[in-house]
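K.L.:
Protein chains in written order, with the numbering used here: chain A, 47 to 175; chain B, 47 to 175.
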């Protein structure tokens, strides 16, 4: 674990690196978030994705509320060490808080944006607490 | 073009959004960079990926030196509008300045990092100017 932490440049992003989750079964990009060193440590120790929530200013165990956790199958880093790519098993089949499989459900089409997302769950049911 | 620009939150990242390039033929994540509004406009107008280089502080037409440009086949944005995902045709077959197909060539393996990259070109030959 220390090896990967040493290769990452947390300083460049004020303590954060970009983190990408890719569905390991389909290759689809599910979401992009951020990690600080503590969240990456938690991720590697637990085997489930733990990000740093910039809006909430705390560690964010992905799926902590919805149950839709991400089991991490592999971890890659990029050439300049400011991005972490997780290949994950997405429990529940959806990564986006809107209930869609991927956060990238809006696609440029002509002059507009087309919703190409696959709706997996109803966020009003999942986040009702 | 104005529609997608209006949906992006450039303010959150001090004028920048994160930009991902995915190989449209294989689905492989090639690289992660940044875009400001001007670079996204250039990308959409030209059909080739133009990023904002933070290190050089200027627009970066990907492949301007190597010739390994990225022809943009589609553009998606994420749920909170701070990431742009480009699906591209990678000319020359490699996105990384190291000559590898993808920038994500280092994979966590046990306690170390394994090089799983596919070497496509010799950077000393390509960047000799």
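Heads up, the beta-carbon is just placed ideally off N, CA and C, and yes, glycines get one too.
Considering only residues of the same chain and omitting the five flanking positions on each side of residue 138/A, which have a CB-CB separation below 6 Å?
P.N.:
For residue 138/A, where only same-chain residues beyond five positions count, the Cβ hits under 6 Å are 114.
K.L.:
Give every residue of the same chain whose Cβ lies closer than 8 Å to the Cβ of residue 56/B, excluding the five residues on either side of it in the sequence, and list them in chain order.
P.N.:
For residue 56/B, where only same-chain residues beyond five positions count, the Cβ hits under 8 Å are 62, 63, 82, 83.
K.L.:
In the DSSP assignment, the beta strand (DSSP E) including residue 160/A goes from what residue to what residue?
P.N.:
Run containing residue 160/A: 158-161, per the beta strand (DSSP E) assignment.
K.L.:
What residues from the stretch 62-89 of chain A come within 9 Å of chain B, judged by C-beta to C-beta, listed N to C?
P.N.:
From the stretch 62-89 of chain A, only 64, 66, 68, 72, 73, 74, 75, 77, 78 have a Cβ closer than 9 Å to chain B.
K.L.:
For the stretch 150-166 of chain A, which residues have a CB atom closer than 8 Å to at least one CB atom of chain B, in sequence order?
P.N.:
For the stretch 150-166 of chain A, which is checked against every Cβ of chain B, the residues closer than 8 Å are 150, 151, 152, 153, 154, 157, 158, 159, 162.
K.L.:
So, for residue 71/A: in the same chain, excluding its five sequence neighbours on each side, which residues have a beta-carbon less than 8 Å away from its beta-carbon?
P.N.:
Around residue 71/A: 135.
K.L.:
Closer than 6 Å by C-beta to residue 183/B: which residues in its own chain qualify, once you throw out the five before and the five after it? Chain order, please.
P.N.:
No answer is possible for residue 183/B: it lies beyond the span of chain B, which begins at 47 and ends at 175.
K.L.:
So, does the CB of residue 172/B fall closer than 8 Å to a CB anywhere in chain A?
P.N.:
For residue 172/B, the answer is no, since every Cβ of chain A falls outside 8 Å of its Cβ.
K.L.:
Please determine, among 69/B, 48/B, 59/B, the residue with the shortest C-alpha to C-alpha distance to residue 90/B.
P.N.:
Nearest option by C-alpha distance: 48/B.
K.L.:
Can you give me the C-alpha to C-alpha distance between residue 121/A and residue 132/A, rounded to a whole angstrom?
P.N.:
Distance between the alpha carbons of residue 121/A and residue 132/A: 5 Å.
K.L.:
I believe residue 33/A touches residue 106/A by the beta-carbon criterion, under 8 Å. Please report the beta-carbon distance rounded to the nearest angstrom.
P.N.:
With chain A covering only 47 through 175, there is no way to say anything about residue 33/A.
K.L.:
Where do the ends of the beta strand (DSSP E) carrying residue 36/B lie?
P.N.:
It is not possible to answer for residue 36/B, since the shown part of chain B is limited to 47 through 175.
K.L.:
Residue 50/A lies in the alpha helix (DSSP H); which residues open and close that run?
P.N.:
Taken as a continuous stretch (DSSP letters only), the alpha helix (DSSP H) holding residue 50/A covers 48-53.
K.L.:
Hey, is residue 122/B's beta-carbon within less than 8 Å of any beta-carbon in chain A?
P.N.:
Answer yes: the Cβ-Cβ gap between residue 122/B and chain A drops below 8 Å somewhere.
K.L.:
Is residue 143/A close to chain B, meaning its C-beta is less than 8 Å from at least one C-beta of that chain?
P.N.:
True, the Cβ-Cβ gap to chain B drops below 8 Å.
K.L.:
Based on the DSSP secondary-structure assignment, which residues constitute the bridge partners of residue 116/B?
P.N.:
Residue 116/B pairs with 136/B.
K.L.:
According to the Cβ coordinates, are residue 125/B and residue 125/A closer than 8 Å?
P.N.:
Against a cut-off of 8 Å, the Cβ pair of residue 125/A and residue 125/B comes out as no contact.
K.L.:
Anything in chain A within Cβ reach of residue 49/B, meaning under 7 Å, just list it in chain order.
P.N.:
What residue 49/B touches in chain A: 157, 158, 159.
K.L.:
Say whether chain A places a C-beta atom closer than 8 Å to the C-beta of residue 132/B.
P.N.:
No, because no Cβ of chain A sits closer than 8 Å to the Cβ of residue 132/B.
K.L.:
Any idea what DSSP makes of residue 153/A, helix, strand or coil?
P.N.:
In the structure shown, residue 153/A sits in a strand (DSSP, three-state: E or B).
K.L.:
Helix, strand or coil for residue 85/A, going by three-state DSSP, please let me know.
P.N.:
Three-state DSSP puts residue 85/A in a helix.
K.L.:
For residue 170/B and residue 143/B, I'd like the C-alpha separation in whole angstroms.
P.N.:
Distance between the alpha carbons of residue 170/B and residue 143/B: 10 Å.
K.L.:
Return no unless some Cβ of chain B is closer than 8 Å to the Cβ of residue 96/A.
P.N.:
Chain B contact via Cβ: absent.
K.L.:
Please confirm if residue 91/B has its CB atom under 8 Å from at least one CB of chain A.
P.N.:
No, its Cβ sits nowhere closer than 8 Å to a Cβ of chain A.
K.L.:
Could you tell me how far apart the beta carbons of residue 95/A and residue 140/A are, in whole angstroms, since I believe they sit closer than 8 Å?
P.N.:
Between residue 140/A and residue 95/A the Cβ distance is about 14 Å, and since that is not below 8 Å, they are no contact.
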